[in-house]
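Asker:
Number of protein chains: 2
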Amino acid sequence: MEESENIQFQLTDVLIEQVELFIEQENDKELKALLDEFHYADIAEILDELNLEQAVYVIKLLDSDTTSDILTELDEDNREKVLKSLSAKEIAEEIEELDTDDAADIIAELPEARQQAVIAQIEDEEHKEEIKELLTYDENTAGSLMAKELVKVYETWTVAGCMRRIRGQAEEVTRVHSIYVVNKEEKLIGRLSLKDLIVAKNERKISELVKVNVDSVNVEENVEEVAKIMAKYDLEAIPVVDENKTLLGRITIDDIVDVLKEEAEKDYQMAAGITGDVDSDDTILELTRARLPWLFLGLVGGIGAFLIMEGFEGLFTGKAVILFFFTPLIAAMAGNVGVQSSAIIVQGLANDDVRGSVNSRLIKEMLLAALNGVILALFLFLFVWAFKGELNTALAISVSLVAVIIVAGLIGTFVPLFLNKRGIDPAIATGPFITTSNDILGILLYFWIAKMILGI
Amino acid sequence: MEESENIQFQLTDVLIEQVELFIEQENDKELKALLDEFHYADIAEILDELNLEQAVYVIKLLDSDTTSDILTELDEDNREKVLKSLSAKEIAEEIEELDTDDAADIIAELPEARQQAVIAQIEDEEHKEEIKELLTYDENTAGSLMAKELVKVYETWTVAGCMRRIRGQAEEVTRVHSIYVVNKEEKLIGRLSLKDLIVAKNERKISELVKVNVDSVNVEENVEEVAKIMAKYDLEAIPVVDENKTLLGRITIDDIVDVLKEEAEKDYQMAAGITGDVDSDDTILELTRARLPWLFLGLVGGIGAFLIMEGFEGLFTGKAVILFFFTPLIAAMAGNVGVQSSAIIVQGLANDDVRGSVNSRLIKEMLLAALNGVILALFLFLFVWAFKGELNTALAISVSLVAVIIVAGLIGTFVPLFLNKRGIDPAIATGPFITTSNDILGILLYFWIAKMILGI
Numbered sequence: 119m120e121e122s123e124n125i126q127f128q129l130t131d132v133l134i135e136q137v138e139l140f141i142e143q144e145n146d147k148e149l150k151a152l153l154d155e156f157h158y159a160d161i162a163e164i165l166d167e168l169n170l171e172q173a174v175y176v177i178k179l180l181d182s183d184t185t186s187d188i189l190t191e192l193d194e195d196n197r198e199k200v201l202k203s204l205s206a207k208e209i210a211e212e213i214e215e216l217d218t219d220d221a222a223d224i225i226a227e228l229p230e231a232r233q234q235a236v237i238a239q240i241e242d243e244e245h246k247e248e249i250k251e252l253l254t255y256d257e258n259t260a261g262s263l264m265a266k267e268l269v270k271v272y273e274t275w276t277v278a279g280c281m282r283r284i285r286g287q288a289e290e291v292t293r294v295h296s297i298y299v300v301n302k303e304e305k306l307i308g309r310l311s312l313k314d315l316i317v318a319k320n321e322r323k324i325s326e327l328v329k330v331n332v333d334s335v336n337v338e339e340n341v342e343e344v345a346k347i348m349a350k351y352d353l354e355a356i357p358v359v360d361e362n363k364t365l366l367g368r369i370t371i372d373d374i375v376d377v378l379k380e381e382a383e384k385d386y387q388m389a390a391g392i393t394g395d396v397d398s399d400d401t402i403l404e405l406t407r408a409r410l411p412w413l414f415l416g417l418v419g420g421i422g423a424f425l426i427m428e429g430f431e432g433l434f435t436g437k438a439v440i441l442f443f444f445t446p447l448i449a450a451m452a453g454n455v456g457v458q459s460s461a462i463i464v465q466g467l468a469n470d471d472v473r474g475s476v477n478s479r480l481i482k483e484m485l486l487a488a489l490n491g492v493i494l495a496l497f498l499f500l501f502v503w504a505f506k507g508e509l510n511t512a513l514a515i516s517v518s519l520v521a522v523i524i525v526a527g528l529i530g531t532f533v534p535l536f537l538n539k540r541g542i543d544p545a546i547a548t549g550p551f552i553t554t555s556n557d558i559l560g561i562l563l564y565f566w567i568a569k570m571i572l573g574i
Numbered sequence: 119m120e121e122s123e124n125i126q127f128q129l130t131d132v133l134i135e136q137v138e139l140f141i142e143q144e145n146d147k148e149l150k151a152l153l154d155e156f157h158y159a160d161i162a163e164i165l166d167e168l169n170l171e172q173a174v175y176v177i178k179l180l181d182s183d184t185t186s187d188i189l190t191e192l193d194e195d196n197r198e199k200v201l202k203s204l205s206a207k208e209i210a211e212e213i214e215e216l217d218t219d220d221a222a223d224i225i226a227e228l229p230e231a232r233q234q235a236v237i238a239q240i241e242d243e244e245h246k247e248e249i250k251e252l253l254t255y256d257e258n259t260a261g262s263l264m265a266k267e268l269v270k271v272y273e274t275w276t277v278a279g280c281m282r283r284i285r286g287q288a289e290e291v292t293r294v295h296s297i298y299v300v301n302k303e304e305k306l307i308g309r310l311s312l313k314d315l316i317v318a319k320n321e322r323k324i325s326e327l328v329k330v331n332v333d334s335v336n337v338e339e340n341v342e343e344v345a346k347i348m349a350k351y352d353l354e355a356i357p358v359v360d361e362n363k364t365l366l367g368r369i370t371i372d373d374i375v376d377v378l379k380e381e382a383e384k385d386y387q388m389a390a391g392i393t394g395d396v397d398s399d400d401t402i403l404e405l406t407r408a409r410l411p412w413l414f415l416g417l418v419g420g421i422g423a424f425l426i427m428e429g430f431e432g433l434f435t436g437k438a439v440i441l442f443f444f445t446p447l448i449a450a451m452a453g454n455v456g457v458q459s460s461a462i463i464v465q466g467l468a469n470d471d472v473r474g475s476v477n478s479r480l481i482k483e484m485l486l487a488a489l490n491g492v493i494l495a496l497f498l499f500l501f502v503w504a505f506k507g508e509l510n511t512a513l514a515i516s517v518s519l520v521a522v523i524i525v526a527g528l529i530g531t532f533v534p535l536f537l538n539k540r541g542i543d544p545a546i547a548t549g550p551f552i553t554t555s556n557d558i559l560g561i562l563l564y565f566w567i568a569k570m571i572l573g574i
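Heads up: the sequence lines are chains A and B, in that order.
For what it's worth, the working numbering labels the leading residue of the first sequence as 119, then goes sequentially.
For what it's worth, the working numbering labels the leading residue of the second sequence as 119, then goes sequentially.
1. If you measure from the beta carbon of residue 454 of chain B to each beta carbon in chain A, is any gap under 8 Å?
2. To the nearest angstrom, how far is it from the Cα of residue 238 of chain A to the Cα of residue 367 of chain A?
3. Tell me, which residues are paired with residue 271 of chain A by DSSP?
4. Check the Cβ-Cβ distances between residue 478 of chain B and every residue of chain A, and say whether any is below 8 Å.
5. Below 7 Å, is the gap between the Cβ of residue 500 of chain A and the nearest heavy atom of the ligand COA?
6. Under a three-way DSSP split, which group does residue 69 of chain B fall into?
7. Tell me whether residue 549 of chain A sits in a helix, a strand or coil according to DSSP, three-state version.
8. Nearest to residue 341 of chain B by alpha carbon, out of B:356, B:486, B:193, B:327?
9. List the residues that DSSP assigns as beta-bridge partners of residue 357 of chain B.
10. What residues in its chain sit with their C-beta under 8 Å from that of residue 306 of chain A, if we drop five residues either side in the sequence?
11. Would you mind sorting residue 443 of chain A into buried or exposed? The rule is 16 or more other CB atoms within 10 Å of its CB.
12. Going by beta carbon distance, what residues of the same chain come within less than 7 Å of residue 553 of chain B, once the five residues before and after it are set aside?
13. Quick check: what's the CA-CA separation for residue 562 of chain B versus residue 230 of chain A?
14. Whole angstroms are fine: how far does the CA of residue 491 of chain A sit from the CA of residue 135 of chain B?
15. Let's test the definition: count the other Cβ atoms within 10 Å of the Cβ of residue 441 of chain A and tell me whether it reaches 16, buried, or not, exposed.
16. Spatial neighbours of residue 404 of chain B within its chain, please: C-beta separation below 7 Å, excluding the five flanking residues on both sides.
17. For residue 196 of chain A, is the classification buried or exposed, using 16 other Cβ atoms within 10 angstroms of its Cβ as the cut-off for buried?
18. Can you confirm whether residue 570 of chain A, when its beta carbon is compared against all beta carbons of chain B, has any partner nearer than 8 Å?
19. Can you tell me which of the three DSSP states residue 493 of chain B falls into?
20. Nearest-angstrom Cα distance between residue 121 of chain A and residue 485 of chain B?
21. Would the stretch 423-435 of chain A count as touching the stretch 410-418 of chain B if we require 3 or more Cβ pairs under 8 Å?
22. Less than 8 Å between the CB atoms is what I'm expecting for residue 209 of chain A and residue 216 of chain A, so what's the real figure, rounded?
23. Of all Cβ atoms in chain A, is any one closer than 8 Å to the Cβ of residue 416 of chain B?
24. Would you report the Cα separation of residue 132 of chain A and residue 164 of chain A, rounded to the nearest angstrom?
25. Could you tell me which of A:475, A:314, A:253 sits nearest to residue 281 of chain A, measuring between CA atoms?
26. Return the residue from the list A:535, A:393, A:567, A:250 that minimises the CA-CA distance to residue 448 of chain A.
27. Can you check whether the C-beta of residue 383 of chain B is within less than 8 Å of a C-beta belonging to chain A?
28. List the residues of chain E that residue 490 of chain B touches, going by C-beta distances under 8 Å, in chain order.
29. Can you confirm whether residue 397 of chain A, when its beta carbon is compared against all beta carbons of chain B, has any partner nearer than 8 Å?
30. Which whole-angstrom value is the C-beta distance of residue 373 of chain B and residue 263 of chain B, which I expect to be below 8 Å?
31. For residue 273 of chain B and residue 324 of chain B, which I take to be in contact (beta-carbon distance under 8 Å), what is that distance rounded to the nearest angstrom?
32. Cβ closer than 7 Å: which chain A residues qualify as neighbours of residue 550 of chain B?
33. Please go through the same chain and pick out, in chain order, the residues whose beta-carbon is closer than 8 Å to the beta-carbon of residue 513 of chain B, but skip the five residues on each side of it.
34. With a threshold of 16 other CB atoms inside 10 Å of the CB of residue 311 of chain B, please say whether the residue is buried or exposed.
35. Per DSSP, what kind of secondary structure is residue 323 of chain B in: helix, strand or coil?
36. From the DSSP output, read off the bridge partner residues of residue 93 of chain A.
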């Protein structure tokens, strides 16, 4: 954030047309003057609206200290295309300008063969080695998120000596959150804030000032776990260590904000029956790939419901025909209740506040579903009775509804708990999966109970 | 974060029983020794598992610099109960220890009359005035989120003078992200990082070092907008100003992390048909209040579907009865497609990347739905034809399915766009609302088209 910033940015059609015009006219001077006003995140938004050729034109025009940051902010699809249009040498120049974490992220997106070519072109040997190290960590681990840039001091130093040495290190670290204190073996001892250092007397020893026993995460830790720890303890940066407590890097809160946003989007999409990371601007084929499998699941469920209803076809005479007309209602209620109860459990699991036994959860959901079910069934009973004047039918339908709602609630509660225990992301349970299974089971239960009550 | 921290914390039943035992025995010494090992966020988790009497016991036992932080981390329901058990004087003592933003948040949760009593008991006059100011800002505005604590310097100062003066201010600011530079009229000119100050020569003027034209937000700005700006520009703190650019306070990224999490949870719950901020540990009555209205909507929709099917009753006898057995399938597909397309739009709107005209969105969704619909319908056609051997019926059902899916997709796309234009949160559209309306419309369309094709 060393640039001048301007929050009044608005991505308008007029602005995009202006940029396109300058590109067409190859009016580099005006284009540069126009874009220099904007923050790199804003320029990235503009480039996302241009075609590839235009975007590459802008990237080649601007200085690499800006374009490297722009690249990190581009839409993943667009970045991939832009990088394809750049030579390994050009990409390496962008990489030189980036912090190690962003640099490694971009390189990791390249095809295997290109990765080597780009790395070979990086001139700064230390930067190169650090990026190579970061590329060895698995996706979704703390290692994949951390940066090697940090300010490190030894416990034996004094405040004055420390300040001198920090001046050197700090210039290459964008933001200094904490100063990490290590011992001779490079093991993390604790940390200091820059503020503590400024407030302290010059002659004091670091070992007197250091806060020991600080939070750190293992390099293999899952990123979601890291996000939870940082959010819970309100940390703005956390040091990353190996199993020997050797300081390897640090993770900053801005990366965690991105992780949290991605997590939330993924869960939301999964609940809506969309897999993979798609957005509204993706192609029809990409969107189909994300949506069709879940719709197909729904179709199979619908065929299941058909088969059940066909099995009860014999009932389709006289007064009992009315039972069939309530199947969409039964299916809808089973689906809605299931989604509600699974959503509550999924969210509770994500926040680590689902405690106590599975049984007590199920009993609570059963009582809850029974309460809701009885209220809804009472209403339905009065409607059917008033509308059709058939007490028995009204009773059969209403009693079944209560049973269906209770079972739907139990399934909605049990399935995510079960998946979680098996190590499967429980978020998959809220959505088409639970709706479909509840639809089928609900309809089966409904006909079965109604048939019993009506004695047909 | 001045405390020693320990991430190995695990909330176990054994731990809770240990705490409960010490409370029962009134073994204050052991209890204090045990809890002193933990971070305040962990102690809050423990207290959330205790009963009110026990929790209050612990709060009264520990020092107010720890308990004030614990209070901010408690579950809202539990905090309310604990605060009820404390006197105005006791609450004021906790408040004295907190930053202004946390202090104002806690006071805002108290009943009106108690707020005055607590404020009157705050001894630090400056703290009191600042909290009173913060309480005047509306919920969901930048003002409600900001803290008054910040480090401020005047543009006319030198680096050396600045460092001296900062030492004083910094002691009361937990984390120094940026140093805000103002002119004589207290208007925000720009900012400096602590790092810049350390790296700079002592005799330089602040006005030479300051980064001008920095991001700031108006005190009336919506918090979601603030979150978007901070996430987009990777900011860790943002200054808050009034319309005259007078510096009023600052918002830090940890508050934004909380806003983002709450937003995500709210949207997720809304998509699942749950209103209000409930979690799995809430009472059955609270959960019913959050869930029943949506279920009732589903019930009304189901009755609508019943009325439609009844309207077609006379028309279907003999072989056409099969049409009724596919209504759950049709309703499920209409619901699923609607939820998928609305989820994509809702998320796009949240990320500000739904651009272009409504018409082009609708055309894209129509093509997408048509593609998905044809694939699914083909499968259904083959199933019905093979299973029943009735070409016409198979054709009628399949063609209707395509039409239903296209209409469902269009409604799912249009409704959130329409709500958004009207200033209503579009997230309400993903969930029971869209499922229910699509169910009814889908079934109506299905019978209508099938009837036409079969010529009955």
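Every residue gets a Cβ at the ideal spot worked out from N, C-alpha and C, and that includes glycine.
Answerer: Per the coordinate set shown:
1. yes
2. 23 Å
3. A:299
4. no
5. Of ligands this structure carries none, so the ligand COA is not represented either.
6. Absent from the model: residue 69 of chain B. The displayed extent of chain B is 119 to 574, so no value can be given.
7. coil
8. B:356
9. B:368
10. 298, 299, 300, 332, 334, 357, 359, 363, 364, 365
11. buried
12. 453, 456, 457
13. 54 Å
14. 37 Å
15. buried
16. 396
17. buried
18. no
19. helix
20. Residue confidence is low: residue 121 of chain A scores 38 on pLDDT, short of 50, so the model does not pin down where it sits. No coordinate-derived value is stated.
21. no
22. Residue 209 of chain A to residue 216 of chain A, Cβ: 11 Å. No contact.
23. yes
24. 11 Å
25. A:314
26. A:567
27. yes
28. In the structure shown, chain E does not exist; the protein chains are A and B.
29. yes
30. 5 Å
31. 5 Å
32. 454
33. 499, 571
34. buried
35. strand
36. A query on residue 93 of chain A cannot be resolved here, the shown segment of chain A reaching from 119 to 574 and no further.
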